[in-house]
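Numbering-wise (our numbering), the sequence shown opens with residue 57 and increments by one.
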Amino acid sequence: MDAHTTSPRVAIVTGGSRGLGRVMALALRAAGYAVTITASGASAALDEVVAEAAELPGGAELLLPMVADVSDPKRAQEVVDATVQRFGGVHALVNNAGRGMRLVSETFTTDPVHFWDVPAATWSQIIDTNVNGPFVMSQAVMPLFLAQREGRIVNVSTSAQTMIRPGYAPYGPSKAALEAMTRSWATDLAGSGVTVNLLLPGGAADTELLPSGPDKKGADGNLLAPDVMAAPAVWLCSPDSALVSGARVIAKLWDPALPDAEAFTAASAPHVVAG
């Protein structure tokens, strides 16, 4: 990077090689961010994101792909440290990495699994990624965010119906926990310059979390394009959202044709966790 150019804002997107994470990572890159993406393993999908990012202004130099288990505190810290070493800082963290119900059963949409039939190891895997992952990643960036009195955390959630839908444990409950965490963190961070918000598609999105084939459909028979996440994610990571914390934003209700403040108001939703 040319030392005489202004350094870009920097974002970390966990689970950035596929689905919603891929969309948000590329949207941030297109908006001028330097972006670190994490993935649970090397894959063609990860290589494809790198190739797509290379075609954007700034090229491949502004994308750092990392293979990391973001529920491991040591690896989470390594992701943050590598990002700072490569780009000079961190301004935003998108906690998107998640494990879904396919880990429990490939037919969970048509043949729901009772919670007592979920193997304990599988339950722990999903909770580790979906709940502990956002915690340890946020904990790893917090010293930087607090020192610079500015930072954005975006936690990717799901619909309230999914949280309590029969046969969706532990995925649904893990997202309910994330929502409660987000509200608590927003209170902790009040006045610090660091914000934390929730972003959810607003329905089942066409990602790898759903079964492939004829069973790949939402509860209403429809699927959202992952692209709905792009515009709200970029805004929530930006300096323009400095006064917004503890909000719950539904991506499908975000109208990119509106000014950002109006789009945010239209897409804001009541919290699932009352308080």
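Note that the Cβ used here is the ideal one computed from N, Cα and C, for glycine as well.
Source: prediction; values computed, not measured.
- It is roughly 15 Å from the alpha-carbon of Ala281 to the alpha-carbon of Leu255.
- Looking at the DSSP output, Val135 shares a beta bridge with no other residue.
- In the same chain as Gly228, and ignoring 5 residues on each side of it, the C-beta atoms closer than 8 Å to its own belong to Thr214, Thr218, Met219, Ile220, Arg221, in chain order.
- For Thr185, there is no enclosing beta strand (DSSP E), as DSSP gives it neither H nor E.
- Under DSSP, Ser324 takes part in a beta bridge, and its partners are Val305.
- The beta-carbon separation of Ile209 and Val140, rounded to 17 Å, does not stay under the 8 Å limit for a contact.
- By DSSP's assignment, Arg208 forms a beta bridge with Ala148, Thr251.
- Residue pairing by DSSP places Thr94 opposite Met122 in a beta bridge.
- DSSP lists Thr92, Leu149 as the beta-bridge partner residues of Ile68.
- Put simply, of Trp310, Ala307, Gln204 the residue whose alpha carbon is nearest the alpha carbon of Pro295 is Gln204.
- At the C-beta level, Met285 and Leu76 come within 7 Å of one another.
- Annotation for Trp241: Val252 place their beta carbon closer than 6 Å to its own, counting only its chain and skipping 5 residues before and after.
- Counting only residues of its own chain and dropping the five nearest sequence neighbours on each side, Val328 has a CB closer than 6 Å to the CB of Ala216, Glu235.
- Restricting attention to Val160, Ala246, Trp172, the CA atom closest to the CA of Gln181 is found in Val160.
- In this structure, the alpha-carbon of Gly154 lies about 10 Å from that of Asn188.
- Per DSSP, the unbroken alpha helix (DSSP H) holding Arg78 starts and ends at 75-86.
- Cβ-Cβ separation between Ser127 and Val192: approximately 6 Å, consistent with a contact (criterion under 8 Å).
- Shown here, Ala261 sits in a strand according to DSSP, grouped into three states.
- In the same chain as Ile306, and ignoring 5 residues on each side of it, the C-beta atoms closer than 7 Å to its own belong to Leu256, Gly258, Ala323, Ala325, in chain order.
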